[in-house]
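Asks: I am attaching a structure below and will ask some questions about it afterwards.
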Amino acid sequence: MLYFQGCTSRKKLENIFISTEKLLKIANVDYEVLANENCCGSILLRIGFDKEAKELIKENIANFQNEKILVSCAGCYKTLKEDYKKLFDVDLDIIHTSQLFKKLFDENKLNIKKPDKIVTYHDPCHLSRLEHKFDAPRELIKSIANLKEMENNRENSKCCGAGGGVKSAFPEIANSIAKSRLEEVEATKCETLITTCPFCKLNLDENSSLEVLDLSEFLLKNII
Numbered sequence: 022m023l024y025f026q027g028c029t030s031r032k033k034l035e036n037i038f039i040s041t042e043k044l045l046k047i048a049n050v051d052y053e054v055l056a057n058e059n060c061c062g063s064i065l066l067r068i069g070f071d072k073e074a075k076e077l078i079k080e081n082i083a084n085f086q087n088e089k090i091l092v093s094c095a096g097c098y099k100t101l102k103e104d105y106k107k108l109f110d111v112d113l114d115i116i117h118t119s120q121l122f123k124k125l126f127d128e129n130k131l132n133i134k135k136p137d138k139i140v141t142y143h144d145p146c147h148l149s150r151l152e153h154k155f156d157a158p159r160e161l162i163k164s165i166a167n168l169k170e171m172e173n174n175r176e177n178s179k180c181c182g183a184g185g186g187v188k189s190a191f192p193e194i195a196n197s198i199a200k201s202r203l204e205e206v207e208a209t210k211c212e213t214l215i216t217t218c219p220f221c222k223l224n225l226d227e228n229s230s231l232e233v234l235d236l237s238e239f240l241l242k243n244i245i
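22 is the number of the first residue of the sequence shown in this note's numbering; add one for each residue after it.
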């Protein structure tokens, strides 16, 4: 298995890939990482730099062949699974950390204590509306915590505001969208907001006083 960390985790939110690697080691998962990991190309594609994105993707494909690829980022998941296939007819074997963690938990390879707290879960756009991956993170969270859903969830979940280059180009708009989403978070009376995308964690955390955690961080925090 190749663990593709993703740009935001590697450069801005290192605790996500650190937590993920610790969980993989606890569960005795054999994996490797790339010494010089490139961007997956998602942002370049979203903002219209198709030529540059295709050049980058060609470089990545050489490293991805015959690998099962684990990703922490919802944007990486959608890009590697769908865009690479659309652009270059490459059918990669992609799994998101939320899916793998659920499998490892079900196999009793991750022993998690059950914190007595209310949490809510934010669906990243690329993982939910675009890839329809709703269940794995929810089922895992429900197994170990009191999950209270926001009014808009699953395919109707509101965006965090950070994706598609918006956070970089239009930070005020990104923050406004995040604050709208956080109104729903606060309505749940939760103590912790969990998500499964570094972009979502970054933007929601910057606009909230609540504890905002990636699923990997939440699991590691409660590991036995």
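Beta carbons: idealized from backbone N, C-alpha and C, even for Gly.
For the stretch 76 to 114, list the alpha helix (DSSP H) runs that are entirely contained and at least 4 residues long, ordered along the chain.
Replies: Fully enclosed alpha helix (DSSP H) runs of 4 or longer: 95 to 99, 105 to 109.
Asks: Comparing C-alpha positions only, which one of 210, 46, 232, 222 sits nearest to residue 125?
Replies: The count along the sequence shown starts at 1 and reaches residue 125 at position 104. Nearest C-alpha to residue 125: 46.
Asks: Quick check on residue 144: buried or exposed, where buried means 16 or more other Cβ atoms within 10 Å of its Cβ?
Replies: Position 123 of the sequence shown holds residue 144. Answer is buried; the Cβ neighbour count reaches 16.
Asks: Since I believe residue 183 is in contact with residue 121 (beta carbons under 8 Å), could you give me their beta-carbon distance rounded to a whole number of angstroms?
Replies: Stepping through the sequence shown from its first residue, residue 121 is reached at position 100. Stepping through the sequence shown from its first residue, residue 183 is reached at position 162. Actually they do not touch by this definition, with Cβ atoms about 24 Å apart.
Asks: What whole-angstrom Cβ distance do residue 40 and residue 168 have, given they're in contact under 8 Å?
Replies: As a position in the sequence shown, residue 40 is number 19, starting the count at 1. As a position in the sequence shown, residue 168 is number 147, starting the count at 1. At roughly 20 Å, the Cβ-Cβ gap does not stay under 8 Å, so residue 40 and residue 168 are not in contact.
Asks: So, at 8 Å on beta carbons, what are the nonlocal neighbours of residue 228 in its own chain, with the 5 sequence-adjacent residues on each side left out?
Replies: Position 207 of the sequence shown holds residue 228. Here the set comprises 196, 199, 200, 203.
Asks: How close, in whole Å, do the beta carbons of residue 92 and residue 118 come, if the pair is a contact with beta carbons under 8 Å?
Replies: Taking the first residue of the sequence shown as position 1, residue 92 is located at position 71. Taking the first residue of the sequence shown as position 1, residue 118 is located at position 97. Contact flag correct, Cβ pair sits at about 7 Å.
Asks: Let me know if residue 239 comes out buried or exposed under the rule of 16 or more other beta-carbons within 10 Å of its beta-carbon.
Replies: For this step, residue 239 is matched to residue 218 along the sequence shown. The residue in question, residue 239, is buried, as its Cβ has 16 or more Cβ neighbours within 10 Å.
Asks: Below 8 Å on the Cβ atoms is my contact criterion, and I expect residue 78 with residue 108 to pass it. Report the Cβ-Cβ distance as a whole number of Å.
Replies: Here residue 78 corresponds to residue number 57 of the sequence shown, with the count starting at 1. Here residue 108 corresponds to residue number 87 of the sequence shown, with the count starting at 1. With a Cβ gap of about 6 Å, residue 78 and residue 108 count as contacting.
Asks: Given 8 Å as the limit, is there contact between the stretch 169 to 179 and the stretch 96 to 108, that is, 3 or more CB pairs closer than that?
Replies: Touching, no.
Asks: I'd like to know whether the C-beta atoms of residue 219 and residue 94 end up nearer to each other than 8 Å.
Replies: Counting from 1 along the sequence shown, the entry for residue 219 is found at position 198. Counting from 1 along the sequence shown, the entry for residue 94 is found at position 73. Yes, the Cβ-Cβ distance between residue 219 and residue 94 is below 8 Å.
Asks: So the candidates are 128, 81, 185, 163; which of them puts its Cα closest to the Cα of residue 215?
Replies: Walking along the sequence shown from the start, residue 215 turns up at place 194. For the residues 128, 81, 185, 163, the minimum Cα distance to residue 215 belongs to 163.
Asks: What residues in its chain sit with their C-beta under 7 Å from that of residue 75, if we drop five residues either side in the sequence?
Replies: As a position in the sequence shown, residue 75 is number 54, starting the count at 1. Within the same chain, residue 75 has close Cβ partners 108.
Asks: Report the rounded CA-to-CA distance for residue 83 versus residue 211, giving the unit in angstroms.
Replies: The residue labelled residue 83 in the question sits at position 62 within the sequence shown. The residue labelled residue 211 in the question sits at position 190 within the sequence shown. Near 44 Å, if we compare the C-alpha coordinates of residue 211 and residue 83.
Asks: Answer with buried or exposed for residue 54, where buried requires no fewer than 16 other C-beta atoms within 10 angstroms of its C-beta.
Replies: Taking the sequence shown and counting its residues from 1, the one referred to as residue 54 is at position 33. Under this definition residue 54 is an exposed residue.
Asks: Does residue 25 come out as helix, strand or coil in the three-state DSSP assignment?
Replies: Start at 1 with the first residue of the sequence shown, and residue 25 comes out as number 4. Correct three-state label for residue 25: strand.
Asks: Could you check if residue 26 is buried or exposed, using at least 16 other CB atoms within 10 Å of its CB as the buried criterion?
Replies: Stepping through the sequence shown from its first residue, residue 26 is reached at position 5. Buried, because 16 or more other Cβ atoms sit within 10 Å of the Cβ of residue 26.
Asks: In terms of DSSP beta bridges, what is residue 118 paired with?
Replies: Sequence index remark: in the sequence shown, residue 118 carries index 97 (1-based). Note: residue 118 sits in no beta bridge, so no partner.
Asks: Provide the residue span of the alpha helix (DSSP H) that contains residue 214, from first to last.
Replies: By 1-based counting over the sequence shown, the position of residue 214 is 193. First-last for residue 214: 213 to 216, but that is the beta strand (DSSP E), not the alpha helix (DSSP H).
Asks: In three-state terms, what does DSSP make of residue 168?
Replies: In the sequence shown, residue 168 corresponds to position 147, counting from 1. Note: residue 168 maps to strand in three-state DSSP.
Asks: Which runs of the alpha helix (DSSP H) at least 4 residues long sit entirely within the stretch 170 to 236? Give them in chain order.
Replies: 187 to 190, 192 to 208, 219 to 227, all fully within the stretch 170 to 236.
Asks: How close, in whole Å, do the beta carbons of residue 81 and residue 61 come, if the pair is a contact with beta carbons under 8 Å?
Replies: Locating residue 81 in the sequence shown gives position 60, where the first residue counts as 1. Locating residue 61 in the sequence shown gives position 40, where the first residue counts as 1. 7 Å between Cβ atoms; contact.
Asks: What residue range is occupied by the uninterrupted beta strand (DSSP E) comprising residue 139?
Replies: Against the sequence shown, residue 139 aligns to sequence position 118. Where residue 139 is concerned, the enclosing beta strand (DSSP E) stretches over 139 to 143.
Asks: State the start and end residues of the unbroken alpha helix (DSSP H) segment that holds residue 59.
Replies: Your numbering for residue 59 matches position 38 in the sequence shown. That residue, residue 59, is in no alpha helix (DSSP H); it is neither H nor E in DSSP.
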